[in-house]
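Novice:
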Amino acid sequence: MKRRGLIYAGVGVAAALAGAGSAYWRWRLDAPAVASPAESAFWASSLDGPDGQPVPLARFRGKPLLVNFWATWCPPCVEELPLLSRFHEEQRSRGWQVLGIAVDQPSAVRQWLQRSPLAFPVVLAGLEGTEMSKSLGNQAGGLPFSVLFSSRGEVLARKLGQLHPADLQAWARQA
51 MKRRGLIYAG VGVAAALAGA GSAYWRWRLD APAVASPAES AFWASSLDGP
101 DGQPVPLARF RGKPLLVNFW ATWCPPCVEE LPLLSRFHEE QRSRGWQVLG
151 IAVDQPSAVR QWLQRSPLAF PVVLAGLEGT EMSKSLGNQA GGLPFSVLFS
201 SRGEVLARKL GQLHPADLQA WARQA
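Using the working numbering, read the sequence shown as starting at 51 and increasing by one per residue.
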């Protein structure tokens with residue numbers, strides 16, 4: 051008899067913990083995100099587009115965003131750009147965005163984009179882009195470097211080095 055009572059008590063405690071955990075998880079998902087200083091600085095930034103017009107990065111907030119830091123002189127960067135363009139085209143209907151941040155001379159980027167247009171927007175960061183990528187987790191300062199932001203503006207994932215289709219498939223499921 052005592053054994054059965056202990057079993058019922060154990061089941062009751064487990065159910066109570068599961069309920070409390072579920073309530074916490076639901077509350078956590080509904081709670082407003084608290085941005086890190088690096089995330090806040092990113093969203094507060096404005097960089098010039100290839101046409102010289104300022105592009106506030108806050109305009110990309112509210113939907114999943116894949117940010118790719120690249121340069122025209124970086125072979126793996128240039129090699130992954132068509133993959134990112136296809137990803138942008140395929141995922142745009144699901145609300146996804148892709149943004150290229152060129153860590154390069156503006157004239158070199160403009161010339162490159164004339165020869166090889168991309169389906170997604172590009173902004174020009176110059177050397178400032180290296181510091182921006184470092185603040186987002188690119189400690190080595192290498193290229194290419196990609197960051198996945200949630201629709202709430204939080205960093206979900208980072209990758210230093212060339213992206214591959216498997217990376218993009220995993221990220222598409224994550225955000």
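Ideal placement from N, C-alpha and C gives every residue a C-beta, glycine not left out.
1. In chain order, which beta strand (DSSP E) runs of at least 3 residues are fully inside the region 98 to 146?
2. May I have the straight-line CA-CA distance separating R136 from L163, to the nearest angstrom?
3. What residue does the beta strand (DSSP E) around R208 start on, and which one ends it?
4. Which first and last residues belong to the beta strand (DSSP E) in which L174 is found?
5. Compute the distance between the beta-carbons of E204 and A85, then report whether it is under 8 Å.
6. For W120 and I151, I'd like the C-alpha separation in whole angstroms.
Specialist: A quick look at the data gives this:
1. Listed in chain order, they are 104 to 106, 115 to 120.
2. The residue labelled residue 136 in the question sits at position 86 within the sequence shown. The residue labelled residue 163 in the question sits at position 113 within the sequence shown. Spanning the two alpha carbons is a distance of roughly 16 Å.
3. For the purposes of this step, residue 208 is identified with residue 158 of the sequence shown, where counting begins at 1. Residues 205 to 210.
4. Position 124 of the sequence shown holds residue 174. Note, L174: beta strand (DSSP E), 172 to 174.
5. The count along the sequence shown starts at 1 and reaches residue 204 at position 154. The count along the sequence shown starts at 1 and reaches residue 85 at position 35. Yes; because the gap between Cβ atoms is below 8 Å, this pair is in contact.
6. Within the sequence shown, numbered from 1, the residue matching residue 120 stands at position 70. Within the sequence shown, numbered from 1, the residue matching residue 151 stands at position 101. Approximately 6 Å between the Cα atoms of the pair.
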